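A short write-up of the structure that comes next.
Protein chains: 2
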Amino acid sequence: MDATPRPLAPASLKLHIRVADQLGVAIVRGDYKAGETLPPESQLCEMLGISRTAMREALRSLIAKGLLVSSPKRGTRVRDPRHWSHLDPDILRWRVEVTDTDTYLKKMFELRRATEPAAAALAAVAATDEDRLQLQSDFQAMVDAGADNARWVEADLAFHRSIYFATHNEFFWPIGQLFSFGLRQMFEIAARGDHRPRAIIEHGDVLRAIIERKPSMAHAAAVTLIGNATSDVVLIRGHDLEP
Amino acid sequence: MDATPRPLAPASLKLHIRVADQLGVAIVRGDYKAGETLPPESQLCEMLGISRTAMREALRSLIAKGLLVSSPKRGTRVRDPRHWSHLDPDILRWRVEVTDTDTYLKKMFELRRATEPAAAALAAVAATDEDRLQLQSDFQAMVDAGADNARWVEADLAFHRSIYFATHNEFFWPIGQLFSFGLRQMFEIAARGDHRPRAIIEHGDVLRAIIERKPSMAHAAAVTLIGNATSDVVLIRGHDLEP
DNA sequence: TGAAACATATTGTATGACAAATAGCGATAA
DNA sequence: TTATCGCTATTTGTCATACAATATGTTTCA
C-alpha cells in the first residue's frame, strides 16, 4: 500500500547512516536472529548497490553498539540481545519502530521507578549551584508553559533529565538520556491529563528537596511523583501498565 | 621510563581496534576535551602511520558510542560526556584506565543499590524456568567454590548478572553487563573477606524469593545483600564508600 | 550595507588491490 | 580407523587513490 512506510532515513543523511538504520531495524526486528551470520559484505554491497567502504562503516557502527561481531572467514554474526546497548538512542529508536508502545513504555517505567528516586537523592547531595539553577529553570519553564502542551512536555523532560545529570554519577547518565527521545511519547500521553496543578506541586517538592540538600526527602518526593505519573498514564491509556 | 606502560592493545588485535582504544583512552582522559575538534583525519593518519580506512573505522566506532560527532569541513569534535555510552564495556574499560578505583567503584555501587533490588523483584515475577535454573546453578557454583577465590568470584558475578537478565526487561541488561568486567575488581576485593557463610545465606535468600515468585521478598533480600556487600568492601579497603 | 557567488578545507563515497585470519577439507601417518 | 598436520578457499581487514558533498569564510557585486 504505502511505498515509503517509514521515513526513518531521509535522503539528506549520510549513506552509511541510512544503511546502519536499515540493518539496525532489520536486526532488532528479528529478520536476522541472534547467532545468525549476515550475508558477506560483498553480497550486502551489491544488494543495496553501494560501495564496501560505506557498508563497512555502517557495520562498524552496529558492531560498536554490540549488535554484531565479525571475524575473517567466520563472517558477521548477530550477537545475543543481552549484549546490545539497549540504552543507546539509535537502538532505542529502532526498537520503537518494531515493538508495541505499551510494552516498551512499561519497561522504561520499571527502570525509572528503580533509578529516579535514587538519582534524586544523589542529586540532593552532589548537585552544584549550576545544576540547581538548571533544575530551577526547568521547573519554571513547566510553570510558565500554561496551556502549551509542547512546551510543558519539553520542560518536563528536561527537568527529569537534569536530575540524572545532577547526580554527577556518569553511570546514571545513559538513563537520563532516555528523556531526550525515548520517553517523550510517555510524557505526551501524560500531558493530556488535567493534573497539572498537582504535577507542579510534586515536581516542586522534588526540586525543593534537592536544592535544600535533603536526600531522603528527595527520594520520597520522587517516589510519589513517579507513582502518580504511572496512575495518570494508566488512566489515560486504559491499560494496566503493571500487571 | 616504561616504553609500554599499558598492554591495552595487544598487537594481535585488529588495527582499527587498537587505534580506537588509543583515541578512546585519550578522550576519556581529557587529552581532547568536550567541544574540541580532533586533528583532521589526514593528519591523524600520518601521526599514527596508518591508512585513512583504518582510521575512519576507528572513528566510526567512537562516534557510535557517542564520544564524537563529525561533519564535513567542521571536523570531528568531542561530545559532552553526558552523551557517552558510559555503560558500554569499552568506554568502561577506558575509564578504569584513567579514573581512580575508589571513585568508580563507589559510583557503580550507587547504581547497583538503585537497580538491583528492583531487578530482583522483577525477576521474581518474570523469570522463566530456564532463568531459575541458571540462577540455581550460579548459586550452586558459589557453594561449590570452596576456598577457590577465582571460582567464587566468577560464580558471584554470574549470579548477579543472571538476576538482571531474568527481569526480561532489556533496559536493565546493560547494567547487568557491568558484572562481566566492570565489577570484577569489586567482587575480588569482597571475596577476600571471611564472610562466605553469611554471603551464601543471603544469596540463597534472594534465590529462594525469586524461585518462589515473591517480588517484595526478593527486593528486601537484595537490599540486605547489597548493604552487607557495601560494608565488606568498606571494611577491607578502609575507606568509606558512602560519604 | 547586505546578499550572493566563489574558493577551500574536511569529511563522505567509490574502486581496486592485497594482506591476514580461519573454517573446512584432504592428505598423511600412527 | 583415527588423529594430526597442512593446504585451500572464503571472508574480513588494510592500503592507496581519486572524486563527491558539505560547510566555512571571503570576496565580490548590487
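From first to last, the protein sequence lines are chains L and C. Heads up, the first sequence is in the UniProt record's numbering, so the first residue is 1 and it goes up one at a time. Heads up, the second sequence is in the UniProt record's numbering, so the first residue is 1 and it goes up one at a time. By construction, the Cβ of each residue, glycine as well, lies at the ideal position given by its N, Cα and C atoms. Everything numeric in this text was worked out from a predicted model, so none of it was measured.
Taking residue 88 of chain C as the centre and dropping the five residues before and after it, the same chain places the C-beta of 65 closer than 6 Å to its C-beta, in chain order.
Closer than 8 Å at the C-beta level to chain C, one finds these residues of the segment 98-114 of chain L: 107, 108, 110, 111, 113 and 114. With 16 or more other CB atoms across the displayed protein chains lying within 10 angstroms of its CB, residue 169 of chain C is buried. Between the alpha carbons of residue 85 of chain L and residue 91 of chain L lies a distance of about 7 Å.
Between the segment 72-82 of chain C and the segment 111-127 of chain C there are fewer than three C-beta pairs closer than 8 Å, too few to call the two in contact. Put simply, the backbone Cα of residue 177 of chain C is about 19 Å away from that of residue 190 of chain C.
Residue range 52-64 is occupied by the alpha helix (DSSP H) that includes residue 56 of chain C. The DSSP-derived three-state label of residue 77 of chain L is strand.
Counting only runs that start and end inside the segment 155-213 of chain C, the alpha helix (DSSP H) elements of at least 4 residues fall at 173-176, 184-191 and 196-211. When Cβ pairs closer than 8 Å are counted between the two stretches, the segment 131-139 of chain C is seen not to touch the segment 45-58 of chain L, the count staying below three. For residue 44 of chain C, the enclosing alpha helix (DSSP H) begins and ends at 41-48. With a threshold of 8 Å between beta carbons, residue 122 of chain C makes contact with chain L. With respect to the 8 Å criterion, residue 72 of chain L and residue 222 of chain L are not classified as neighbours on the basis of their beta carbons.
A Cβ-Cβ separation of about 5 Å places residue 111 of chain C in contact with residue 171 of chain L under the 8 Å criterion. Under the Cβ distance rule, residue 94 of chain L does not count among the residues neighbouring chain C, no pair being separated by less than 8 Å. Your pair residue 153 of chain C and residue 184 of chain C checks out as a contact, with CB atoms roughly 7 Å apart and the cut at 8 Å. Neighbours of residue 162 of chain C in chain L, taken as residues at a C-beta separation under 8 Å, are lacking, since the least C-beta distance is about 10 Å. For residue 85 of chain L, no beta strand (DSSP E) encloses it, and the DSSP letter there is neither H nor E. Residue 165 of chain C and residue 158 of chain C have their C-alpha atoms some 10 Å from each other. DSSP lists no bridge partner for residue 143 of chain L.
Interface residue (Cβ-Cβ distance to chain C less than 8 Å): residue 88 of chain L is classified as such. Per DSSP, the beta-bridge partners of residue 68 of chain L are L:78. Against chain C, the CB of residue 215 of chain L has no partner CB under 8 Å away; the residue lies outside that interface. As a beta-bridge residue in DSSP terms, residue 37 of chain L pairs with L:77. Excluding its 5 nearest sequence neighbours in each direction, residue 205 of chain C has C-beta neighbours in its own chain below 7 Å: 221, listed in chain order. The three-state secondary structure of residue 227 of chain C, taken from DSSP, is helix. Residue environment: residue 47 of chain L is assigned as exposed (fewer than 16 neighbouring CB atoms within 10 Å of its CB, all protein chains considered).
Here residue 63 of chain C is buried: its Cβ has 16 or more other Cβ atoms, across all protein chains shown, within 10 Å.
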